[in-house]
Every structure is written in C-alpha cells, then in structure tokens.
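Asks:
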Amino acid sequence: MLDARIPSGPLEQKWEKCRFEMQLVSPANRRKYTIIVVGAGLAGASAAATLGQQGYRVHCFSYHDTPRRAHSIAAQGGINAAKNYRNDGDSVYRLFYDTIKGGDFRSREANVYRLAELSLNIIDQCVAQGVPFAREYGGLLDTRSFGGVQVQRTFYARGQTGQQLLLGAYQALQEQIAAGTVTMHTRTEMLDLVLIGGRVRGIITRDLLTGAIDAHVADAVVLATGGYSNVFYLSTNAKASNCTAIWRAYRRGALFANPCFTQIHPTCIPQSSEHQSKLTLMSESLRNDGRVWVPKKKGDTRPPNDIPEDERDYFLERRYPRFGNLVPRDLASRAAKEVCDEGRGVGPQGRGVYLDFADAIKRMGVEEVREKYGNIFDMYEKITGEDAYKVPMRIYPAPHYTMGGLWVDYHLMSNLPGLFVAGEANFSDHGANRLGASALMQGLADGYFILPATIPNYLATNSLEPVSVSHPAFSQAKAEVAERLQKLLKIRGRRSPDSFHRELGKLMWDKCGMTRSAQSLREALARLPELRQEFWENLALVGTGEELNQSLEKANRVSDFLELAELMCIDALHREESCGCHFRIESQTPDEEAKRDDERFCYVAAWEWKGPDRAPELHKEPLTFEYVHLTQRSYK
Amino acid sequence: MKFTLRIWRQKSREAPGKFVTYQVDGITPDMSFLEMLDVLNEELLARGEDPVAFEHDCREGICGSCGFLINGLAHGGRRGTTVCQLSMRFFKDGETLTLEPWRARAFPVVRDLIVDRSAFDRIIQAGGFISAPVGSAPDANAILVPKDIADTAFEAAACIGCGACVAACPNASAMLFTAAKLVHLNVLPQGQPQRYQRTLNMVAAMEAEGFGSCTNHGECAAVCPKEIPLEFIGRMNRDLRRAIFRRRFERWRDATQ
Ligand SMILES: Cc1cc2nc3c(=O)[nH]c(=O)nc-3n(C[C@H](O)[C@H](O)[C@H](O)COP(=O)(O)OP(=O)(O)OC[C@H]3O[C@@H](n4cnc5c(N)ncnc54)[C@H](O)[C@@H]3O)c2cc1C
Ligand code: FES
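Residue numbers (my numbering), protein chains in the order written: chain A, -12 to 623; chain B, 168 to 424.
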C-alpha cells in the first residue's frame, strides 16, 4: 500500500513535528549536492531560488526563452492567505476547512492543513520581495473574496496577480543565477527521467535551438512543469503547456494520481470561430460583483439590455441562495452548461451566459469598477469588440486546471525515491475541485517552504553513490529519446500535429469533459487507440531534429497527450461516483448535484504504467477524515 | 478576408535572411493575428515547406513571448496591444502586411521572427530584485506602502519584457525596460536599501549588452503594450544621478578619512 508519510499527532502540529524530525544538511556540505528543478513557473522558480539561497547547486530547466514566460504569469485573480486582516472570521482552520470541503473530500487533511498554515508566510515573503499587491489608502494590504468562500482572504495585484508573483520569484531566481548558485537552462525541454539503482538520478533534455540531446546528473530531481488542461486543445492554458515531463516520469514508474480530476472554469470568453487557438479566462473575481443570468425564454434573441428584469433568470442566485454567484467553480460551470443545453444560452453559438455589471456600476460607480477590473474589461473588449461597461459580458466554461498529477507523499516526493513534484504537476491538495486563488498559494507553498525542507532531509538520510552521465542508464535513455523523435520525423504523413490535437481535444471535451458517463467514456476509450495509431502513421512534419523545429516540439507533446487521454478516461470510468469536478451522469442527488460514494471511492486513485499495450494498475491511498466530517457538499 | 504577407525568413542566427511573399485566404475578422499565422503554417506544412517560426505562448498579452514588426510597427502599432491580442478586424481586406523580427544589435535573430532577448534577463540579474531570502520576511502588514506608491510600483511592474520598446527605438535602447524595473523596486520601501547600487548596476548591464542610448524619441512608450509611461525614464535618470553623486561622495569620504 502507498505510504503518504503523514506525521502522527494532532493536525496543528504535524508540519512542525515533521520539520523537527527531518535531518539537515550542514551549510558547508550543501554545495556538494546537485538538484535539478524542471520548470520555472511559480513552483519551480520559487523552489530553485530558495534551494539556491540555501547553498545547493541547482540546475533549473525551462522550455521558455526566459523563466518569466511560464504559464503562471497569466493567473489573474489572486492568492489566498488566512491572514484574517479583515477580522471577518477567517483562520488557518477555516481555510483548511474550505479547501477540504471545496475539494469534495478527495484530498489529504494533513497536506491541506499545512497549506493553510503556510499561506501566512507566503504573503509575507512576497511583500518582502516587492510584489506590488493592491493596497488600501492607509497603506495596508487590500483583500477580496473569491469563488466558493464567505471571507475576504484573497490578496491581489489588480488582475495580474500571477504576473506579479511570478516576477517576484523570477527576480529571486535571477539573483541566485547572478550569485552562481543556480544555473539556468532556457529553451531546454526535459524529455526523460533517469533512474539508477531504484533512485531518480537525472534527466534527458533536448536543446530547442540545436536539437542536441543531453544528459544531466543530480542527487534529486524536482518536476514543477504545470498542468495538462491542454489535453482538451482549447483551454485557458498557455499554448505550450503540456504533460510531457510528468508523462515520461509516469512511464518510468512514477504513479499518476486522479488523472480524471480536471477543472472547467466558469468564466471564460465563449469560443467564436473554428480557428480559435485558445480560450481566454475572465478572472473569477468578476463573480464578486457581476451577476450571472440568461433569459427565461428559450431562444430569446433580444439584446441583453432590452430584456426586462422579470424575464431574466439569475440561475446561480436562484439555485444557490446562500452563495449566489460565488458558488465553487464546478457548480457554476455545470449550471451554465445546463441552461445552455436547455436552449437558453446567449451569443452567436448559443453557448454562453451573461455576466452583468450593471448593478455593480450603479452601486460603486464606473470608476471603482474600472479600478478593480479595468484590465479584464479591456481584454474582453480587445477579443470581442464589446464594451462590458455598457453591455453584459458573455461567458462560458473552459478547461482550466488539473487537480490530478503525479502522486506525492507528505514530503512531495513521488513513489520514485529522489523525484519530487511541485505546483500543478502534482496531485496534491485540491482534491476533486480547486478553489479559486489557491493554485498560486500551493505552488509557492511547495516551492518556497516545503521542498526546501524535505529535499535536504532526503539528501541527508540517503547515501547517494556518485554517478556520471557515462552510466549506461543515461546513454540508453538518450538513445530512446532520440529514436522517438526520429520516428516522428520519419512518418511523413499528411496531418499536422495541430489537427490531431484538435481532434483529441474535441473528443475529450465531448466524452470526458464537464459531464461523463460510462458510455461516453467507453466511446472515448474505443476511439483513442485508433487516433493514436493514425497519428503514428499519418503525422506530417518538415525539417529535421537538429534545428529549431516548433512543429516537432508540438508533435512530441501531442504524442504524450494522446496517451494521457486514455489514462484520464480509464480513471474517470473506474470512479463510478461524482465528486467535485468529476461529474458522472449516473451518480446524482435528487436535485442533480454531484453524489459522492464514500463507501467505495474515498481514496486517491494512483495509476502505475505497465507498458504500452497493457492496462495500468490501480493503487489506492485511502483517505481518512478525522477533523472535517464527510458530508454531502451543499452550497444551497 | 485575404492578405498578402511578406515575411522575413532566416534559418538561423548565422544564415542570411530574406523576405518571402505568401498569400492567405479565408481569414475571418474575429481571428487573431497569430491565428492567421497558424492558418499559413498549416498550409506550409501541408505543402512540405518550413512553417514560419514565431514565438507565442499565453496568447492573451501577458507572457511577453510574442512580438514582431508589422509594417514597421512593433506589435502592429495598436495602443496597449500585443500582437497575440491583435484581431484581424483591425486590418483591411486585401492588405499587404510586412512581418519582420525585432531589429536590434542586442537581440540577435534566432529564426524567422524569433529573436534572442536573454539580454533582458542579464539586466535583471545585475540588480533587478530585492534581496529577501525565504524565512526573513516580517508580517506583510508591518510594511505600510501608501496606495499611490503601490500603484506606481504596479504600473511599472506591469512590463511584460517583450522587447517592443527596444525594437521601436531608433537607437535600440533598453531604457524603458530598465526604467520600469527600477521604478517598480526603487519606489517601494522594501527596495530602498539597494536602491542606488541597483540603479548603477542595472544601467551598467544595459550598456554592456550593447543597447543604444536614449535620445528622447519616445517611440518606446508609444508602442509599449502595457503603456509604461515615458516619464519613468526621467525617474531612472534622477536616481542614476543621485547614485553617481553618492558614489563620488563615498569615494571622497573614504579617501579623506
Ligand atoms: C488564465 C489562468 C488564470 C489563473 N488564475 C489563477 C488565480 O487567480 N489564482 C490561482 O491561485 N491560480 C490561478 N490559475 C492557476 C495557476 O496559475 C497555475 O496553476 C499555476 O500558476 C501553475 O504553476 P506551476 O509553477 O505549477 O506551473 P507553470 O507556471 O505552468 O510552469 C511550468 C514550467 O515548467 C516548464 N516546463 C514544463 N514542461 C517542461 C519540460 N518538459 N521541460 C522543461 N521545462 C518544462 C515551463 O517552461 C514552465 O517554466 C490560473 C490559471 C490560468 C490558466
Ligand atoms: S503570446 Fe503571451 S503576450 Fe503574446
């Protein structure tokens, strides 16, 4: 059985106890250890910078031209912390409770409690670095409320919180690069993981400019490579976000946990054309002041401002009077899908609902609305050509975040000794549904605080033999990577990587998206192997592997998405309950909400790769709830 | 909509480059500029030709990856807009558009429309940070920051590091980029201890990278997709003069002690 290494003792003391029991590495010895960090988003940059500050020899890798481009840069709304600066009843315990409940009881109590505790330190750290959070006139930090909670615990920097937090971590990282503790490898993509003697001892990379395949040795490897929402092709993630690093690790034996837990965000700009290459998120903070509605009548094509008040259905306020527009994302998304399925959707394709600011403007005035959301309104106007100060925005759900990821224990170490996983790449703390503004919090908790405590313990308690890149495990992995790339280049078929990716995305959205059924999942599972086979027979690429070749990069990533998709469907099919974002049609309460089955599914599903043509093996990590009682989630 | 595209094609840093003309058809007004290039690239791939290399990632104007000149204008010249946010409705059907990479000595061409902007990272390495090792921070509300100062810091910190300012400047100067980071950090109370050293180091790094000097054209601020104001360069110069003066004073003081 999986051992999550959760410390014993009361919840409030677990992390303290764990830290005390961990071994340390003396300052003079730290330089002797090499740590590889793959990824320079919030989780990776913060981890690399902090381990550098401690004196370890760190090598950090990113496929971007500079760490400041990581997808974390796009986060808009904010970051949670249980500071209770507002004196509105917040506390570490309440943040813990909200996260467990929001995740629909599919996360670990111990991890989530630690996350809530560390949220306090994160804000302190970021302010010290100069992150320009929003302030009140008295000079104190401002906060706002965010999806699914009743306290104002979200710190923000206009609609660009992710950018400002990432720049803080990026600058700390650059300081360490200048100091010589961190070596940065930009435009370098990790394509494989290397194990020696049962331990993870390095990675294989491809230089995206020259195509050179290289091996890198380390005493510990961190993957902080982000989420895999792009399996749906159209998502709010950056175009290059992909699953390759974690997928290749999975193929080397790392367990993949809860792959089917993917979040669909309620407030995105609806798709407008066939050529659309991505979906744009409108920060969820908009739901604080905007009201969501559709016409009561089907097929009502009047302009929104001509529809009188009593012919509008404020469906979130109606269904969830206590939380109204602020219900968690999964509920808001499904409710929007349902009203559109009923034929009451708005906009050109009928797949949209209104998010209306008229009341907020009346209440606070245009200026205050502009101050809070100005850049988001501007972005909306650029994309749609519409002025949201005058007409309601149109929004529709889109794939956004993946709660699933590589399985990690309390130390954030995977089942492979020496492989640590941080940020969105691990399955961690959000259970079956992530609350708004808590991904940034988790990425930074992992990078600034948890890994810099647990990695030294790993180094200090294990005697690691020196290895070098001449070890056969490295040359073999290098050869395998090169061979796979050559295979892609040699197909010389007729379909582009994008066309396969689009088809895969549509399939996953239709069959394994916001709602799932045994039938839809079986259909996807029947189609996926065919699609994969077609990909390997009919892929079109030009150029070589020894140059900058963006289509080759894309194709290589799509080849992994095609495999991951199957695991997602297998996981979704096996979990015959609904929980959080995983909504199985077969498992609903009488009022059509997600119905959990704690008797059978109160566990983390961690899958083990068994080879290309063999079914993966399921390992279960049972979840126990000692502090928060398992209840059917209700936001009514 | 139809367009004639004249695109700069260059295989690598050393290889010679040239303009190649392409036609695209079937473009709709709601497509973004990069989606139009996606269409072109799909066609090139189908014909067995090399797709046009261009950099992009977020496609929502925040990561700073995208950027090239359209008819000589950085990001196409629309106020406050990156090329990924530029929609085709801003162009006339049948228009000829010339696409070329940022032109600057400090930004060598990598391939086609991609340039190497790592010089920006090295300017940040020289001092674009506040030293605050993890574990040392006081409570966040222990540091009061007046709202107007926080707002100025934010306005400066909004820079996305795309390099349009350099591309638009006749001298290929990186003053606006450097000033934005300096203003962000130098106005904050947390940034005071390193303020003058930071200014000296970052300006020196900027010069060492081969960026040109500022002769007050103001083209940089005009094309900045985040509308970083030109006035920040003035602020940077004031800090630079103070820093130089302080350094001279310190040297004189040390020499006379
Ligand atoms: C539009 C949007 C808005 C959001 N808003 C919020 C919000 O308001 N609040 C909130 O809490 N969360 C928000 N989120 C979620 C949050 O931004 C992400 O979950 C989080 O930033 C992920 O950070 P990360 O460090 O794990 O990964 P990323 O930031 O995705 O970084 C991944 C890094 O890994 C590198 N990488 C990946 N694979 C490889 C490889 N094979 N080789 C080398 N390098 C590799 C990349 O170059 C990159 O540096 C938002 C997400 C989106 C999409
Ligand atoms: S692609 Fe990110 S700013 Fe244009």
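Using N, Cα and C, we set each Cβ at its ideal position, and we do this for glycine too.
Between the beta-carbon of isoleucine 290/B and the beta-carbon of methionine 373/B, is there less than 8 Å?
Replies: As a first step, residue 290/B is located in the second sequence; it is residue number 123 there, counting from the start. As a first step, residue 373/B is located in the second sequence; it is residue number 206 there, counting from the start. Yes. Within cutoff.
Asks: How about glycine 492/A and tyrosine 157/A: are their beta carbons less than 8 Å apart?
Replies: If you number the first sequence from 1, residue 492/A lands on position 505. If you number the first sequence from 1, residue 157/A lands on position 170. Going by C-beta atoms, glycine 492/A is not nearer than 8 Å to tyrosine 157/A.
Asks: If I'm right that arginine 188/A touches alanine 205/A with Cβ under 8 Å, what's the distance once you round it to whole angstroms?
Replies: As a working mapping, residue 188/A is identified with position 201 in the first sequence. As a working mapping, residue 205/A is identified with position 218 in the first sequence. Right, their Cβ atoms sit about 7 Å apart.
Asks: Between threonine 171/B and chain A, is there a C-beta pair that is closer than 8 Å?
Replies: Along the second sequence, one-based indexing puts residue 171/B at 4. It does not: the Cβ of threonine 171/B has no partner Cβ on chain A nearer than 8 Å.
Asks: Does aspartate 406/B get closer than 8 Å to chain A when you measure Cβ to Cβ?
Replies: Taking the second sequence and counting its residues from 1, the one referred to as residue 406/B is at position 239. Chain A, which has no Cβ nearer than 8 Å to the Cβ of aspartate 406/B, makes this no.
Asks: So is cysteine 225/B in contact with chain A if we call contact Cβ pairs under 8 Å?
Replies: If you number the second sequence from 1, residue 225/B lands on position 58. Judged by the 8 Å Cβ criterion, cysteine 225/B is in contact with chain A.
Asks: By alpha-carbon positions, which one of Asp279/B, Cys381/B and Glu376/B ends up nearest to proline 183/B?
Replies: Mapped onto the second sequence, residue 183/B falls at position 16. When each option's Cα is compared against that of proline 183/B, the closest is Asp279/B.
Asks: Would you mind sorting lysine 477/A into buried or exposed? The rule is 16 or more other CB atoms within 10 Å of its CB.
Replies: Translated into the one-based positions of the first sequence, residue 477/A becomes position 490. Exposed, since its Cβ has fewer than 16 Cβ neighbours within 10 Å.
Asks: Looking at the strands, I want to know which residues DSSP matches up with proline 609/A.
Replies: Here residue 609/A corresponds to residue number 622 of the first sequence, with the count starting at 1. Its beta-bridge partners are Tyr590/A.
Asks: If you draw a straight line from the alpha carbon of leucine 472/A to that of cysteine 329/B, how long is it in whole angstroms?
Replies: On the first sequence, residue 472/A is found 485 positions in, with the first residue counted as 1. On the second sequence, residue 329/B is found 162 positions in, with the first residue counted as 1. Their Cα atoms are separated by approximately 31 Å.
Asks: Residues in its own chain within less than 7 Å of alanine 388/B by CB, not counting five upstream and five downstream?
Replies: Taking the first residue of the second sequence as position 1, residue 388/B is located at position 221. Here the set comprises Leu343, Ile395, Pro396 and Leu397.
Asks: For a minimum of 3 consecutive residues, which ranges assigned as the beta strand (DSSP E) are wholly contained in the region 244 to 314 of chain A?
Replies: Listed in chain order, they are 249 to 255 and 278 to 282.
Asks: So, helix, strand or coil for alanine 211/A, using DSSP?
Replies: As a position in the first sequence, residue 211/A is number 224, starting the count at 1. Of the three classes helix, strand and coil, the one that applies to alanine 211/A here is coil, per DSSP.
Asks: Assess contact between the region 268 to 275 of chain B and the region 355 to 372 of chain B, defined as three or more Cβ pairs (one per stretch) separated by less than 8 Å. Is contact present?
Replies: Because the criterion of three Cβ pairs below 8 Å is not met, the region 268 to 275 of chain B and the region 355 to 372 of chain B do not touch.
Asks: Alpha carbon to alpha carbon, how far is lysine 324/A from threonine 502/A?
Replies: Mapped onto the first sequence, residue 324/A falls at position 337. Mapped onto the first sequence, residue 502/A falls at position 515. In a straight line, the C-alpha of lysine 324/A is about 10 Å away from that of threonine 502/A.
Asks: So is the beta-carbon of serine 59/A under 7 Å away from any non-hydrogen atom of ligand 1?
Replies: Start at 1 with the first residue of the first sequence, and residue 59/A comes out as number 72. Indeed, a heavy atom of ligand 1 lies less than 7 Å from the Cβ.
Asks: Name the DSSP beta bridge partners of serine 254/B, please?
Replies: Within the second sequence, residue 254/B is the residue found at index 87, counting from 1. According to DSSP, serine 254/B bridges with Ser199/B.
Asks: In the DSSP output, what is valine 191/B paired with across the bridge?
Replies: Along the second sequence, one-based indexing puts residue 191/B at 24. DSSP, once it has assigned bridges, lists Phe170/B as partnering valine 191/B.
Asks: By a C-beta neighbour count over all protein chains shown, 10 Å radius and 16 as the cutoff for buried, is valine 187/B buried or exposed?
Replies: In the second sequence, the residue the question calls residue 187/B occupies position 20. Valine 187/B should be labelled exposed.
Asks: Is it the case that the CB of glutamate 550/A approaches a heavy atom of ligand 1 more closely than 7 Å?
Replies: What you label residue 550/A is simply residue 563 of the first sequence in a count that begins at 1. Not under cutoff, so the answer is no.
Asks: Please confirm if the region 318 to 338 of chain B is in contact with the region 147 to 166 of chain A, defined as three or more CB-CB distances below 8 Å between the two stretches.
Replies: Yes: at least three Cβ pairs fall under 8 Å.
Asks: Grouping DSSP H, G and I as helix and E and B as strand, with all else coil, what is methionine 428/A?
Replies: Position 441 of the first sequence, counted from the start, is the residue given in the question as residue 428/A. Correct three-state label for methionine 428/A: helix.
Asks: When the distance is taken between beta carbons, is valine 250/B closer than 8 Å to leucine 201/B?
Replies: Your numbering for residue 201/B matches position 34 in the second sequence. Your numbering for residue 250/B matches position 83 in the second sequence. In this structure, valine 250/B lies closer than 8 Å to leucine 201/B by Cβ.
Asks: Closer than 7 Å: is that where the CB of isoleucine 327/B sits relative to any heavy atom of ligand 2?
Replies: Translated into positions along the second sequence, residue 327/B becomes position 160. The answer is yes for isoleucine 327/B.
Asks: Can at least three beta-carbon pairs, one atom from the region 378 to 388 of chain A and one from the region 253 to 270 of chain A, be found at a separation below 8 Å?
Replies: Enough Cβ pairs lie closer than 8 Å, so yes.
Asks: Under 7 Å from any heavy atom of ligand 2, does the C-beta of serine 232/B make it?
Replies: Taking the second sequence and counting its residues from 1, one reaches residue 232/B at position 65. Yes - ligand 2 has a heavy atom lying nearer than 7 Å to the Cβ of serine 232/B.
Asks: 8 Å is my cut-off, CB to CB: does serine 340/B come that close to chain A?
Replies: The count along the second sequence starts at 1 and reaches residue 340/B at position 173. Judged by the 8 Å Cβ criterion, serine 340/B is not in contact with chain A.
Asks: Once you ignore the five residues that flank isoleucine 348/A on each side, which residues in its own chain have a CB closer than 8 Å to its CB?
Replies: For the purposes of this step, residue 348/A is taken as the residue at position 361 of the first sequence. Result list for isoleucine 348/A: Val356 and Tyr376, in chain order.
Asks: Does the beta carbon of leucine 196/A sit closer than 8 Å to a beta carbon anywhere in chain B?
Replies: Within the first sequence, numbered from 1, the residue matching residue 196/A stands at position 209. Chain B contact via Cβ: present.
Asks: If the cut is a Cβ gap below 7 Å, which residues of chain A does glutamine 292/B touch?
Replies: For the purposes of this step, residue 292/B is identified with residue 125 of the second sequence, where counting begins at 1. In chain order: Gln161, Ile164 and Ala165.
Asks: Count Cβ pairs between the region 100 to 112 of chain A and the region 172 to 192 of chain A that sit closer than 8 Å; are there 3 or more?
Replies: No, the region 100 to 112 of chain A does not touch the region 172 to 192 of chain A.
Asks: Going by the DSSP bridge assignment, what does glutamate 267/B pair with across the sheet?
Replies: The residue you call residue 267/B lines up with position 100 of the second sequence. According to DSSP, which records beta bridges pairwise, glutamate 267/B is partnered with Leu236/B.
Asks: Going along chain B, which residues have a C-beta under 9 Å from alanine 466/A?
Replies: Counted from its first residue, the first sequence places residue 466/A at position 479. None at all; the shortest Cβ gap to chain B is about 26 Å.
Asks: Tell me, to the nearest whole angstrom, how far the beta carbon of aspartate 52/A is from that of serine 285/B; I am working on the premise that it is less than 8 Å.
Replies: For the purposes of this step, residue 52/A is taken as the residue at position 65 of the first sequence. For the purposes of this step, residue 285/B is taken as the residue at position 118 of the second sequence. That pair is a contact at about 7 Å.
Asks: Need the endpoints of the alpha helix (DSSP H) that histidine 488/A sits in, please.
Replies: Here residue 488/A is taken as the residue at index 501 of the first sequence, counted from 1. Note, histidine 488/A: alpha helix (DSSP H), 484 to 499.
Asks: Closer than 8 Å, CB to CB, is methionine 366/A near chain B or not?
Replies: The residue you call residue 366/A lines up with position 379 of the first sequence. Interface residue, yes.
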